[in-house]
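Accompanying notes for the structure given below.
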Amino acid sequence: MTNIYCSQGHQNPSGSRFCLQCGDKIANVPTSGNQGIQPGQTLGDRYVIIRQIGQGGFGKTYLAEDINRFREACVLKEFSPQVQLSAITSDSRRQLGNYTGNERAIWQFKINKINVGSRSLYDLGDAAFLHEFPEQKGKSFIKQPIGQVWYAFVNDQFNAILDKSIFEKIVFPEGATGKTVNGSLQPGRGKVFIAGLAKDQNMEVKLEANSKVLLSIYSPSGKNPLLEDSQKRTISATLSEKGFYEFVVVSTASEPVDYQLTVTAENPPEPEPTETPSQTPTEEPIPTETPTPEGNY
């Protein structure tokens, strides 16, 4: 016989509509085919479920007691089967349901210190999120329950930028005007590069990669993006700003892909000197005799 539990965690025989100990009505009496998590149930030999306290688009939330912490109250989250979260780290998963706009401000503040903008971060986060949830492409999901999952993906990319696993600074070798970097991208993953360049330099960028690899190039201020999620493979431009330019490559492929990115920047040529025209010497005027006034003899 399957036991069921009331909201206070009291055990009752299967089929009971009211608790035999406290009289509480037992809601959602489980059937043999779909029992789910029930009050009084112990998960992982540690957490005793008290009651369900919430339900959203990606799962349910339960109030529980932690046996290992003197029955301290805690909150557990059960994710719906259709929400695949294995691609998110456990630290980011634990914050699901608690992400707010404050995270965006924190992300921006910290990555700006290493000359990376929020656009680059969101490119990386979008790629990871949409790889797992392609049906969300083009939708406004930030304020929906699934938006919390997007925050978790972006949070992982934020941490990966800070630990430099997906971040690299391009430094030209001494005497060189360019550099080539290469690597491999897993599905839904990307990398951001930065390079310090000067205003009026002539920049050329070449990307050799599968057409599923997208390229974005952002100016130091972020106001003059040169490319955004583009399949374009070459671009030449005269730079309008001085500072660190960002180059983001992300993969939308379903399998690992290799890439090679080359960035060159040359100073504009010095203007050729023009000959100064020689001045034609001015002839000295020849004095003429002053006529003698009449009557002066």
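Numbering-wise, the sequence shown is residues 787 to 1083 according to our numbering. A virtual CB, placed ideally from N, CA and C, is assigned to each residue, including glycine. Bear in mind the structure is a predicted one, so any value in this text is a computation, not a measurement.
Measure from the alpha carbon of G982 to the alpha carbon of each residue in I1021, L993, G1029, then state which is nearest.
It is G1029 whose Cα lies nearest to the Cα of G982.
DSSP three-state call for Q894: helix, strand or coil?
Reduced to three states, the DSSP call for Q894 is helix.
Can you tell me the Cα-Cα spacing of G933 and R837, whole angstroms?
Going from the Cα of G933 to the Cα of R837 covers about 25 Å.
Over what stretch of residues does the beta strand (DSSP E) that includes I928 continue unbroken?
I928 -> no beta strand (DSSP E), and no H or E assigned at all.
Just tell me which of S906, Y1031, E990 has its CA closest to the CA of T947.
Residue 947 is actually Ile in this sequence, not Thr. Of S906, Y1031, E990, the residue nearest in Cα terms is S906.
On a CA-only basis, which of E1014, G1008, D986 is nearest E1056? Give me that one, please.
Here the closest residue by C-alpha is D986.
Under a three-way DSSP split, which group does E1027 fall into?
E1027 falls in the coil class under three-state DSSP.
Is the Cβ of N1010 closer than 9 Å to any Cβ of chain B?
No chain B is present in this structure, which holds just one protein chain.
Among P1006, P1059, N1010, D1015, which one has its Cα closest to the Cα of V902?
Comparing Cα-Cα distances from V902 to each of P1006, P1059, N1010, D1015, the minimum goes to P1006.
Are F958 and I897 close, meaning C-beta to C-beta below 9 Å?
No. Outside cutoff.
When DSSP labels each residue in this structure, what does F1088 get in the three-state scheme?
Summary: the structure shown does not reach residue 1088, with the chain confined to residues 787 through 1083, and so no result is reported for it.
Rounding to the nearest angstrom, what Cα-Cα distance links K977 and I952 in this structure?
Distance between the alpha carbons of K977 and I952: 5 Å.
Who are P1000's beta bridge partners in DSSP?
According to the sequence as given, residue 1000 is Leu; it is not Pro. L1000 pairs with V1036.
May I ask you to report which of helix, strand or coil DSSP gives E990?
In this structure, E990 counts as strand in the three-state DSSP scheme.
In this structure, how does DSSP classify N968 when only helix, strand and coil are distinguished?
Strand at N968.
Give the single residue among F915, S1022, T1020, T1038 whose Cα lies nearest to the Cα of W936.
Selected option, being the one with the closest Cα: F915.
What are the boundary residues of the alpha helix (DSSP H) that D877 is part of?
From DSSP, the alpha helix (DSSP H) with D877 extends over 876-880.
Out of E889, T1048, V1043, point me to the one whose CA is closest to K998's CA.
Comparing Cα positions, the closest option is V1043.
Three-state secondary structure (DSSP) at N798?
Strand at N798.
Pick out whichever of R879, T1050, G1008 has its Cα sitting closest to the Cα of G961.
Taking only the C-alpha atoms, the option nearest G961 is T1050.
What number of angstroms, rounded off, separates the C-alpha of P740 from the C-alpha of K1018?
The displayed coordinates of the chain run from 787 to 1083. Any statement about residue 740 would go beyond what the structure contains.
How should Q824 be labelled, buried or exposed, when 16 other C-beta atoms within 10 angstroms of its C-beta is the threshold for buried?
Result: buried.
Under a three-way DSSP split, which group does P953 fall into?
According to the sequence shown, residue 953 is Phe rather than Pro. Strand at F953.
Locate the beta strand (DSSP E) running through A981, then write down its first and last residues.
First-last of the beta strand (DSSP E) with A981: 976-983.
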